[in-house]
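Inspection log for the structure reproduced underneath, given as structure tokens.
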Amino acid sequence: MPPQSPDSPTAPPPSLTEVEPYGVERIPDADRTATPLDLFRVAFGGANTFSTCVLGAFPILFGLSFWQGLAATVLGVVAGALILCPMAVFGPVNGTNNAVSSSAHLGVHGRVVGSFLSLLTAVAFFSISVWSSGDALVGGAHRLFGLQRGTASYVVAYALFAGLVLAVCVYGFRFMLFVNKIAVTSATALFLLGAIAFAGDFDPSYAGAFTASADAAAKAPGSAFWPSFIGAALIVLSNPVSFGAFLGDWSRYIPAGTPRRRVVGAAFLSQIATLLPFVFGLATASIIATKAPAYVDPAAPDFVGGLLAISPGWFFLPVCLLALIGGLSTGTTSLYGTGLDFSSVFPRLSRVRATLLVGVVSIAFIFVGRFGLDLVRSISTFATMIITCTTPWMVVMMLGFFTRRGWYDPDALQVFNRRQRGGRYWFAHGWNWRGMTAWWVAAVLGVLFTNIPGQFVGPLGNLANGVDISLPLSLAVAAVLFLTLLRLFPEPRAAYGPEGARLVPTAEVPVPAITGPGASTTDREEAVDSSVP
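For the sequence shown, my numbering gives the first residue as 225, with consecutive numbering after it.
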């Protein structure tokens, strides 16, 4: 089936209250009415929240001064944005999400890797969002109205967030876009208001533990600086990279003819804009460390509690609003894409049913993790580990896009979702072992070399003098190994477009016909001559 023309007339956008009808099948051109600005709003809105502030506080928790923490934050955000932004192009090109697009590089069955990674990422960041926003709402209500901060209060707050998020996700992309349009403006205004609230207490000369002027009692050895600096930068970087599996969920509604530089630029700028919540978290954490240091104890950090402890009384209500808006925005961007993709892994489930199922499982994890297992303080480590595994998957995708010259067969990408077999991306029984090998080897090495001060140190984490080299190592290994395998073991010529491969050779081998439910005679005839895509 040839790709639909990007010049096809578009229909008016559906009503906000109309439940989105599409799963991961290719979005018809007539319904692709989103713009790069919409992509910016969703991606920025999902990160312009309280949970990002919590991640922004980690440089202070690791003992860095304000200026050292700012350098680590800027490094993490810019590096993460550069890694992330190319992942935005798959949506407009293929009209589907990134996990489905990964069929071209990991195989028809290998695409479940992307689905699994997106599920873990969504649960982790959804949990961070609900916990941090719920804690802020309960704490603010306690200071404003004397609400008791007991288990019942937290249960109600978490349930409120989770229920609102699930409702938005069920309605789908348009409703989520509407929520994020509001969230971008209102959350930005509240953060700027917060800058006014804390301006009098903020001191950019906060020394941390590694400067000459650091408190002698808290001063750390200079040899620990680089592990702390790199560790803080990697935790910041985990936030933009976490969107890698989800960008296609939103960009698939952008017309295929949209210039790719605009789509990539929107994704990049959406993450650069997150410096606002990151720096807010960094600055307020430095104030907390000075005025209420018990809240930034690395053994038991409580950023939300510390923020409320140093806030002026008139800022309690804005904190509650920020928690509500931010929690809703982050939760929807995390949960929507996972529900969408889960429906493709289990085709018998519609998008709505899959979203409800994933939502219920995620909510159960939130409550068990908060009240049963006390996972709140370890979730940042979990998130960082997931990103270490997700980044090499993104490298395989981006290098695959480059070698394919951005050409894909939309029909062959849908073989798994239709419970069919064969096609250009069948490779070896539905697995492209080249991409799979590059991914898992790089991911395993990344985990082994992880070194997050005070949280998790992999078996090889101390080989670089305590510096966490997991991410650059996994990036480099994935890139070198994947390109090497493509050159030593060429992929079928049929997997590439009319212009052929870029940088790597190809092999003239037959491609199995697409068979199974819904397969046509045309599909079988097209497989006869696999040398011409």
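Note that the Cβ used here is the ideal one computed from N, Cα and C, for glycine as well.
Note that the coordinates shown come from a computational prediction; the quantities given were computed from them, not determined experimentally.
In the structure shown, the three-state DSSP call for phenylalanine 539 is helix. Of the candidates Val324, Ala718, Thr508, Thr508 places its Cα closest to the Cα of tyrosine 430. Taking leucine 559 as the centre and dropping the five residues before and after it, the same chain places the C-beta of Ala346, Phe350, Val389, Leu390, Cys393, Thr579, Val582, Gly583, Ser586 closer than 8 Å to its C-beta, in chain order.
Note: alanine 652 is bridge-paired with Trp655 in the DSSP secondary-structure output. The alpha carbon of leucine 261 has as its nearest neighbour, out of Gly472, Ala295, Arg486, Phe434, the alpha carbon of Arg486.
Three or more Cβ pairs closer than 8 Å define a contact, and the region 614-632 meets that threshold against the region 329-342. Judged by DSSP in its simplified three-state form, arginine 645 adopts strand. Rounded to whole angstroms, leucine 416 and threonine 409 show a C-alpha spacing of 11 Å. Nearest Cα to valine 336 within the set Pro451, Ser289, Thr435, Gly654: Gly654. Contact between phenylalanine 527 and valine 317 does not hold, since the beta-carbon distance rounds to 40 Å and is not under 8 Å.
Counting only residues of its own chain and dropping the five nearest sequence neighbours on each side, asparagine 686 has a CB closer than 8 Å to the CB of Asn675. The residue among Ile511, Ala312, Leu461, Asn463 with its C-alpha nearest the C-alpha of leucine 531 is Ile511. Distance from the CA atom of tryptophan 538 to the CA atom of isoleucine 549, rounded to whole angstroms, is 18 Å. Excluding the 5 residues flanking it on each side, alanine 533 has same chain C-beta neighbours closer than 6 Å at Ala516, in chain order. Residue pairing by DSSP places glutamate 723 opposite no residue, since no beta bridge is assigned to it. Boundaries of the alpha helix (DSSP H) harbouring valine 337: 336-369, taken from the DSSP string. The continuous alpha helix (DSSP H) containing leucine 699 extends over residues 694-712. If you draw a 10 Å sphere on the C-beta of valine 248, you find 16 or more other C-beta atoms in it, and that means buried. Within the region 568-632, no beta strand (DSSP E) run of at least 3 residues lies entirely inside it. When the five nearest sequence neighbours on each side are left out, the beta carbons in the same chain lying within less than 6 Å of the beta carbon of proline 542 are those of Leu414, Leu417, in order along the chain. Nearest neighbour of serine 475 by Cα position, chosen from Thr259, Pro252, Val704, Ala702, turns out to be Thr259. By the criterion of a C-beta distance shorter than 6 Å, threonine 627 is surrounded in its chain by Ala725, Arg726, Leu727, Val728, once the five residues flanking it on both sides are discounted. Taking the CA atoms as reference points, phenylalanine 264 sits about 9 Å from glutamine 495. Pairing glycine 287 with alanine 513, the inter-Cα distance amounts to about 10 Å.
With a 10 Å radius around the Cβ and a threshold of 16 neighbouring Cβ atoms, leucine 712 comes out exposed. Taken through DSSP and simplified to helix, strand or coil, asparagine 675 comes out as strand. Note on aspartate 633: 16 or more other CB atoms within 10 angstroms of its CB, so buried under the neighbour-count rule. In the three-state scheme derived from DSSP, where H, G and I count as helix and E and B as strand, valine 681 is classed as strand.
Just so you know, the alpha carbons of isoleucine 284 and glutamine 679 end up roughly 15 Å apart. Sequence-distant partners of leucine 471 (beyond 5 residues in either direction) whose C-beta falls short of 8 Å from its own C-beta, in its chain, are Leu263, Ala267, Leu308, Met311, Ala312, Phe314, Gly315, Asn322, Ala491. In this structure, Ala305 is the residue among Pro252, Gly293, Arg256, Ala305 with its C-alpha nearest to the C-alpha of leucine 493. Secondary structure of threonine 257 (DSSP, three-state): coil. For alanine 636, DSSP assigns no beta-bridge partner whatsoever. Residue Thr297 holds the alpha-carbon nearest to the alpha-carbon of leucine 461 among Thr257, Thr297, Pro252, Arg648. Excluding its 5 nearest sequence neighbours in each direction, arginine 484 has C-beta neighbours in its own chain below 7 Å: Val313, listed in chain order. Per DSSP, phenylalanine 274 is one residue of the alpha helix (DSSP H) stretching across 274-280.
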